[in-house]
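S.K.:
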Amino acid sequence: MLKVAERRLSLTVIPEAVKGVRGLTNDARTPEPLEKGLLRAKHDISVFKDGTVRFDATNAPLTHFRPAEIDVEVEKLRDLGYAFDFCGDPLVSKDQCCSLKIHDVIVPEQCGEYFVRLSKFLDELLQTFYGLPPFYRVHNRQDLVGHLVVGLSPHTSVGVIGRIVGFTKASVCFAHPFWHAAKRRDCDGDEDSVSLALDILLNFSKQFLPSRIGGIMDAPILLTIGIKPSEIARQAFNVETVERLPLRFFDETLRRSDPKALTDLIETVHTRLGSTAVLDSLGFTHRIGDVNTGNLESSYKKLGSMVDKVTAQLRLAESIRAVDAGEVAKRVLSTHFMRDLTGNLKAFAGQRFRCTKCNSKFRRVPLKGACTRCGGKLSLTVYKGSVEKYLTVAQDLVKRYKLGAYHEQRLVLLRAEIESLFSEQEEKKKQPSLAQFV
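Numbering (the working numbering), first residue to last: 1 to 438.
1) Would you decide whether Leu-296 is buried or exposed? Buried here means 16 or more other CB atoms lie within 10 Å of its CB.
2) Decide if Ala-170 is buried, meaning its Cβ has at least 16 other Cβ atoms within 10 Å, or exposed.
3) Along the chain, where does the beta strand (DSSP E) that runs through Asn-344 open and close?
4) Excluding five sequence neighbours on each side, which residues of the same chain lie with their C-beta closer than 8 angstroms to the C-beta of Lys-301?
5) Please identify the residue among Asp-50, Asn-359, Glu-73 whose C-alpha is closest to the C-alpha of Ser-211.
6) When the distance is taken between beta carbons, is Leu-414 closer than 9 angstroms to Leu-341?
7) Which of the three DSSP states, helix, strand or coil, is assigned to Cys-111?
8) Would the stretch 266 to 286 count as touching the stretch 229 to 248 if we require 3 or more Cβ pairs under 8 angstroms?
9) Using a Cβ-Cβ cutoff of less than 8 angstroms, which residues in the same chain neighbour His-43 once the five nearest sequence positions on both sides are dropped?
10) May I ask you to report which of helix, strand or coil DSSP gives Ile-200?
11) Cα-Cα, which of Lys-389, Thr-253, Ser-299 is closest to Ala-322?
12) Name, in chain order, the residues that DSSP records as bridge partners for Gly-162.
13) Quick one, are the C-beta atoms of His-139 and Arg-163 less than 9 angstroms apart?
14) In or out: Val-21 buried (at least 16 other Cβ within 10 Å) or exposed?
15) Could you tell me if Tyr-82 is buried or exposed, where buried requires 16 or more neighbouring beta carbons within 10 angstroms of its beta carbon?
16) Please return the same chain residues whose Cβ sits closer than 8 angstroms to the Cβ of Arg-373, not counting the five positions on each side in sequence.
17) Between which two residues does the beta strand (DSSP E) harbouring Phe-441 extend?
18) Go ahead and label His-286 buried or exposed: buried means 16 or more other beta carbons lie within 10 angstroms of its beta carbon, across all protein chains shown.
19) For Glu-419 and Val-332, what's the separation of their Cα atoms in angstroms?
20) Whole angstroms is fine: what's the gap from Ser-46's alpha carbon to Arg-272's?
21) Could you pull the DSSP bridge partners for Thr-156 from this structure?
22) Where does Glu-16 sit, in a helix, a strand or coil, going by DSSP?
23) Buried or exposed, going by whether 16 or more other CB atoms sit within 10 Å of the CB of Ala-219?
24) I'd like to know whether the C-beta atoms of Val-387 and Val-307 end up nearer to each other than 9 angstroms.
Below is the structure:
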């Protein structure tokens, strides 16, 4: 099969490392053509479970940009429909400010370089595998400007069409708030994926998706080609559209007034819903020098372990007067650590067992204590470390921030359950020595 695929692609040398999978998880056990894997290895790109290639980037909202900030020529932007700046003046300079169109995205420079390799893979695939002419003919990332992409959030099955208009030095995907909201995101530090549209149309298949529960999540089964502001996530409705905040707004902040009682004071996107004005340019209150002068990478990506990330989050909370660090710790404990501990404990108790030789899985250990197919050794699929990894951190949070008897007692019960479970297992593992019988 490998030789046939090699001849079909006219490859003189097979890539040194061609990665695959041990087994297929879709219902029909449908494999992807071997030729695609060889070409991906040649161009050094990775594949997702559904046959597509993706680049992950942190979501970041943006409503305006300058051509100088996104490394694109003014002439190219005019060809893409940016004939005027946000003030209505003809676009002639790199320093003019433009309103970002709803479907346009500004991707990281690393994403641009990765997509150059991806486009070359797609062009070679079209020529050698499908017998069609190349589509992209890209030489550098500037050639990608104007091409379509698909944005997709985890746990969803609907991608949103976007168009590359530029590149940023930051490790984020800048896009209109409506575009992110159409993906059901609120830009709170999460990462989403971006893919070239042709790769989705050419290589995605529902037949590759796992048959297990949740297998169709994080897959572009449907595509949104036009964003309707009235149908996006509600968080985007709260974006203000004014260029100047009234004095009364600041007075009300001193009185700590309920924001809901002041909705008529400042125009927001919600105010424009139902009219054509909702598609107009959004105003902004403060100008900045360059969008690339801020943090270029999220601290969440730089920090390694979850302990480091939580420590940094709480250190920041303690530094901000308006934030109750104890409340932050309680939310982290309740929504993450507690659920993780109980969920992993449940998963450990009901886990399957895997044969280390043939990879067969069993709901419970066979009576013979070995694989019934090949006689191989069985191993766990959920390990002790994954069950108790957050226990010590959670107890430290309760003690440091005095989160109360409820959380403290829950952790005591969890620790007792974990210790009783693993102490029994360790007792079974103990091998008696010969000296015990002498």
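Beta carbons: idealized from backbone N, C-alpha and C, even for Gly.
M.R.: Reading from the atomic positions:
1) Counting every other CB atom within 10 Å of its CB across the protein chains shown gives Leu-296 a total below 16, marking it as exposed.
2) buried
3) Here Asn-344 belongs to no beta strand (DSSP E); instead the alpha helix (DSSP H) covers 338 to 349.
4) In chain order, Thr-58, Ser-171 place their CB closer than 8 angstroms to the CB of Lys-301, counting only its own chain and leaving out the 5 sequence neighbours on each side.
5) Asp-50
6) yes
7) helix
8) Segments in contact, yes.
9) Arg-117, Leu-118, Lys-120, Phe-121, Glu-124
10) helix
11) Ala-322 has its Cα closest to that of Thr-253, out of Lys-389, Thr-253, Ser-299.
12) Val-149
13) no
14) exposed
15) buried
16) Cys-355, Cys-358, Ser-360
17) Residue 441 lies beyond the range of the chain shown here (1 to 438); nothing can be said about it.
18) exposed
19) 24 angstroms
20) 43 angstroms
21) Answer is none; Thr-156 lacks a bridge partner.
22) coil
23) buried
24) no
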